[in-house]
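*Asks:* Take this structure, written in structure tokens, and hold onto it; I'll ask about it next.
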Amino acid sequence: MTDTGDTREIRWSDDFLIGIEELDFEHRRLIDDINRLHRELRTETDPERIADTLGHIHARMQSHFALEEHVMAAHKYPHLAEHKAEHERLLDDYTDFMTRFGDGRDTREHAAMEDVLRRWIVEHIVTNDRKMSLMVTASKRSRNKRDR
């Protein structure tokens, strides 16, 4: 995660690329959405707009996780259950964040929860998703050799 002054937005880096095109695309969009949320929270945008952004991110996360899990299942990724459990924990944490926002709690709490969310996403991409990608791409290469 790159600190860009007091905005603390995540600056996209090729370090986030895992080598599966559709998942890399989704990761980039998710980071863009998280940065938008951060800007909205920082500038105290209309609560309805923030709630819409929160809902959009939640829907993107659900869709993205379903795609990742489909890729893992298709390639018989041996750590699918563990990876899926991590997705579920992230969604639970995020849902808690959405609830806290809806309850109108202190903005400082929102910032702390947002920091946790951003760290969670980045760490998940550069560790678990990269590990999964290495095994999936190896599986694809092996399958391609057999098919020749």
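Taking our numbering, the leading residue of the sequence shown gets 64, the next gets one more, and so forth. Note that CB positions come from ideal geometry on N, CA and C, so glycine has one too.
Would you mind sorting T116 into buried or exposed? The rule is 16 or more other CB atoms within 10 Å of its CB.
*Replies:* Translated into the one-based positions of the sequence shown, residue 116 becomes position 53. It is buried - the Cβ of T116 has at least 16 other Cβ atoms within 10 Å.
*Asks:* Which residues in the same chain have their Cβ closer than 8 Å to the Cβ of S196, if we skip the five residues on either side of it in sequence?
*Replies:* Indexing the sequence shown from 1 puts residue 196 at position 133. Counting only Cβ-Cβ distances below 8 Å, and skipping sequence neighbours, we find I81, G82, I83, L86.
*Asks:* L143: which of F128, Y157, S76 sits nearest, CA to CA?
*Replies:* Taking the first residue of the sequence shown as position 1, residue 143 is located at position 80. Nearest option by C-alpha distance: F128.
*Asks:* From T200, W183, E177, S76, pick the residue whose C-alpha is nearest to that of R105; which is it?
*Replies:* Position 42 of the sequence shown, counted from the first residue, corresponds to residue 105. Minimum Cα distance to R105 is reached at E177.
*Asks:* At the level of alpha carbons, what is the spacing between V199 and V134?
*Replies:* By 1-based counting over the sequence shown, the position of residue 199 is 136. By 1-based counting over the sequence shown, the position of residue 134 is 71. So the alpha carbons of these two residues sit roughly 8 Å apart.
*Asks:* For the alpha helix (DSSP H) containing S126, list its first residue and its last residue.
*Replies:* Along the sequence shown, one-based indexing puts residue 126 at 63. Note, S126: alpha helix (DSSP H), 110-137.
*Asks:* Alpha carbon to alpha carbon, what distance is there between A122 and L93?
*Replies:* Numbered from 1 along the sequence shown, position 30 holds the residue referred to as residue 93. Numbered from 1 along the sequence shown, position 59 holds the residue referred to as residue 122. Whole-angstrom Cα-Cα distance: 10 Å.
*Asks:* Could you tell me the boundaries of the alpha helix (DSSP H) in which E145 lies?
*Replies:* Position 82 of the sequence shown holds residue 145. Start and end: 143-165.
*Asks:* Please tell me whether H187 and E149 are closer than 8 Å, where the distance is taken between their beta carbons.
*Replies:* Here residue 187 is taken as the residue at index 124 of the sequence shown, counted from 1. Here residue 149 is taken as the residue at index 86 of the sequence shown, counted from 1. In contact: H187 and E149 (Cβ atoms closer than 8 Å).
*Asks:* Please state whether DSSP places R71 in a helix, a strand or coil.
*Replies:* Position 8 of the sequence shown, counting from 1, holds the residue named residue 71. Residue state, collapsed to three classes: coil.
*Asks:* I120 and N98 - do their beta-carbons sit closer together than 8 Å?
*Replies:* As a first step, residue 98 is located in the sequence shown; it is residue number 35 there, counting from the start. As a first step, residue 120 is located in the sequence shown; it is residue number 57 there, counting from the start. It is not a contact, given that the beta carbons lie outside the stated cut-off.
*Asks:* Going by the CB atoms, is the gap between L100 and M124 shorter than 8 Å?
*Replies:* Taking the sequence shown and counting its residues from 1, the one referred to as residue 124 is at position 61. Taking the sequence shown and counting its residues from 1, the one referred to as residue 100 is at position 37. Taking 8 Å as the Cβ cut-off, M124 and L100 do not qualify as a contacting pair.
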